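Please read the structure below before turning to the comments.
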Amino acid sequence: MKLAILDRDGTLNLPGDGYIASPDEWIVLPGALEAVARLNRAGWRVVLACNQPGLGRGLFDVTVLNAIHAKMYRQLAALGARIDAVFFCPHAPQDACDCCLPRPALLAQICERYGVEAPQLLVAGASAALLEAASALGVRALHCVAANAPHADLPAGTQVHASLAAMVEQVLQEAQPPLAAATPGARDAPVPTEAPLPLPVAPTPGAPHAA
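Position 18 (the sequence shown) corresponds to 18 in full-length UniProt numbering; numbering is contiguous.
Below, the structure written as structure tokens:
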């Protein structure tokens with residue numbers, strides 16, 4: 001399975017001045033949801049992982065958070081895109097929980113849920129906390145999608161892109177098989193009349209909190 005973990009604020013939507021505390025404050029970044037659709041079409045399943053300390057501080061409740069994500073899911077669906085689930089830490093910073101990024105427990109939970117090893121993941125976001133958690137877990141494909149992020153705060157090996165759309169373009173380009181160079185004077189190889197067809201792959205069941 002190809003699994004991509006993204007953060008939300010600054011990756012899919014404008015980060016705002018503080019907390020995104022209502023659906024009206026959730027404003028999508030240009031090209032971000034289309035980038036998710038491109039990942040889906042290329043066979044990637046996509047989930048979100050983010051801290052939501054506004055819940056722990058009482059600035060909004062789970063009903064409001066669900067309404068924000070319902071707006072996101074509607075806009076994704078209009079583009080034929082899908083995010084399987086949103087994994088989040090609901091605690092305030094002073095709670096000293098295990099699931100708050102940059103601790104890796106939240107990402108470890110995602111790996112367990114989907115049966116994916118950390119080195120197989122693609123992790124992308126505008127948050128250094130998400131990328132630090134991924135690096136601590138052993139993720140190799142780290143992508144920062146905020147060109148103005150302080151590079152000193154990013155884990156070693158992180159690739160920096162101007163946006164999620166730019167990152168997806170590069171990832172999909174790199175996944176293309178190289179074109180074979182033609183040998184001068186060589187004749188085309190014969191095309192076989194029969195070839196085995198690939199076996200269909202059964203879809204993996206979605207997470208319990210899938211949209």
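The beta carbon of each residue, even a glycine, is placed where N, CA and C say it ideally should be. Values in this document were obtained by computation on a predicted structure and should not be read as measured data.
**Study point:** Own chain, CB closer than 8 angstroms to A32, minus 5 neighbours either side, in chain order
**Key:** Counting only Cβ-Cβ distances below 8 angstroms, and skipping sequence neighbours, we find T11, L12, N13, S163, L164, A165.
Check your understanding: Hey, how far is the Cα of L59 from the Cα of A175?
Key -> Distance from the CA of L59 to the CA of A175, rounded to the nearest whole angstrom, comes to 42 angstroms.
Point to revise | Buried versus exposed call for G125 [16 or more other C-beta atoms within 10 Å across all chains shown] | key: Around the C-beta of G125, 16 or more other C-beta atoms lie within 10 Å, and the residue is accordingly described as buried.
Point to revise | the segment 149 to 161 contacting the segment 83 to 92, beta-carbon criterion three pairs below 8 angstroms | key: Too few Cβ pairs lie closer than 8 angstroms, so no.
Exercise for review: Determine the closest residue to L101 out of Q120, L137, Y73, M72, with distance taken between C-alpha atoms.
Suggested key: Proximity to L101 across Q120, L137, Y73, M72 peaks at L137, based on C-alpha coordinates.
**Study point:** Coarse secondary structure for D95, derived from DSSP in three states
**Key:** Helix.
Review point. From what residue to what residue does the alpha helix (DSSP H) around V168 run?
Key: Per DSSP, V168 is one residue of the alpha helix (DSSP H) stretching across 164 to 175.
Practice item. Might you give, ordered along the chain, the residues of its own chain that have their beta carbon closer than 8 angstroms to the beta carbon of residue 213, omitting 5 neighbours on each side? Key: Nothing can be reported for residue 213, as the shown portion of the chain is limited to 1 through 211.
Review point. According to DSSP, is A4 helix, strand or coil?
Key: Note: A4 maps to strand in three-state DSSP.
Check your understanding: Would you call S22 buried or exposed, if buried means 16 or more other Cβ atoms sit within 10 Å of its Cβ?
Key -> Around the beta carbon of S22, fewer than 16 other beta carbons sit within 10 angstroms, so the residue counts as exposed.
Review point. With 16 other CB atoms within 10 Å as the buried threshold, where does I27 fall?
Key: Per the 10 Å Cβ criterion, exposed.
Review point. Can you check whether the CB of D7 is closer than 8 angstroms to the CB of A130?
Key: Going by the sequence as given, residue 130 is Leu instead of Ala. Between L130 and D7, the C-beta gap is smaller than 8 angstroms, which places the two residues in contact.
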